[in-house]
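Residue 692 is where the sequence shown starts when you use the working numbering, and the numbers rise one by one after that. Here a beta-carbon is modelled for each residue, glycine too, at the ideal position from N, C-alpha and C. Predicted, not measured: the structure shown is a model, and the values here were computed from it. Following: one structure in structure tokens, then a few remarks.
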Amino acid sequence: DYGPLLTIHFDSPTDGLILGAYGTRLTTSDKGKIWEVDFFYGEDDFHLNHIGVSGTKMLIVGESGSVYLEDEGNQFKKLMSPYHGSFLGSLATKNATLVYGIQGKIFSLSQVTNEWRPIKSPITTNIVDGIELESGRVVLLAVNGRVIFSDSDVRQFYIAKERVPFKTAALTQANDGSF
């Protein structure tokens with residue numbers, strides 16, 4: 692028996708990965724017809740909240756500052772985390788990978804050196820999603836509808852004047868540039 696499933700990622704039309712509570716991992720290689728169930732790094736049993744990408748490798752973030760990066764053998768290595776709270780998501784940008792989560796925490800992971808840099812956040816609400824604009828600026832969304840924008844080098848964030856008028860969990864950009 693396993694807990695809630697929290698995130699899904701397909702590398703190809705046939706190969707998929709689902710992660711969830713207590714380190715639950717499901718994999719498929721047949722478009723989801725059959726799923727193999729096992730547990731991801733069972734020694735921790737942390738909730739795995741998000742599968743993202745860092746450069747060309749998968750990045751998994753989760754509870755208690757859990758961060759795992761895919762290695763050359765399609766396995767995952769646990770990275771030293773800059774934070775012990777939960778990460779809720781990640782976003783690969785042109786120059787780094789951002790990880791974000793509870794209490795508005797944001798960190799930047801260098802795709803070259805795997806070194807962390809904290810980024811000061813103007814909010815303390817859980818950040819649940821993000822996108823990179825063509826300009827290189829980043830937009831992050833908090834669970835309460837608050838939107839924050841980065842400067843062009845993604846070193847600082849600012850609160851947007853408008854906010855989504857309802858609680859939300861996802862952000863996307865339309866063809867006209869709106870969210």
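So what does DSSP say about residue i, is it helix, strand or coil?
| i | result |
| --- | --- |
| A865 | coil |
| Y693 | coil |
| Y774 | coil |
| E823 | strand |
| A860 | coil |
| S781 | strand |
| G711 | strand |
| G756 | helix |
| I793 | helix |
| F731 | coil |
| S799 | strand |
| P813 | coil |
| V845 | coil |
| F701 | strand |
| K724 | coil |
| R828 | coil |
| T804 | coil |
| F737 | coil |
Short of 6 Å in beta carbon distance, which residues of its chain neighbour residue i, apart from the five on each side in sequence? Order them along the chain.
| i | result |
| --- | --- |
| H700 | L708 and I742 |
| S801 | A787 |
| G753 | F737, H738, L739 and N740 |
| E853 | none |
| I822 | V830, L862 and Q864 |
Looking only at its own chain, which residues have a Cβ that is under 7 Å from the Cβ of residue i, when we skip the five neighbours before and after it?
| i | result |
| --- | --- |
| F730 | G714, T715 and R716 |
| S720 | T705 and D706 |
Do the CB positions of residue i and residue j come within less than 7 Å of each other?
| i | j | result |
| --- | --- | --- |
| D820 | L832 | yes |
| Q847 | T815 | no |
| L750 | S781 | yes |
| S755 | H775 | yes |
| T804 | G836 | no |
| G827 | K796 | no |
| V838 | N817 | no |
To the nearest angstrom, report how far apart residue i and residue j are at their CA atoms.
| i | j | result |
| --- | --- | --- |
| G792 | Y693 | 23 Å |
| K768 | H738 | 16 Å |
| K811 | F798 | 9 Å |
| P856 | T718 | 37 Å |
| P695 | K722 | 21 Å |
| D867 | Y759 | 35 Å |
| L789 | N765 | 21 Å |
| T698 | L779 | 10 Å |
| W726 | A712 | 17 Å |
Measuring only between beta-carbons, confirm whether residue i sits less than 7 Å from chain C.
| i | result |
| --- | --- |
| Y759 | In the structure shown, chain C does not exist; there is a single protein chain. |
Using DSSP bridges, identify the partner residues of residue i.
| i | result |
| --- | --- |
| I751 | I742 and Y759 |
| R837 | R854 |
| F870 | F870 pairs with nothing; no bridge assigned. |
Grab me the residues of residue i's own chain with a C-beta within less than 8 Å of its C-beta, minus the 5 sequence neighbours each way, in chain order.
| i | result |
| --- | --- |
| V728 | Y693, T715, R716 and L717 |
For residue i, verify whether its CB is less than 6 Å away from any heavy atom of the ligand HEM.
| i | result |
| --- | --- |
| V744 | Among the ligands in the structure shown, none appear at all, so the ligand HEM cannot be discussed. |
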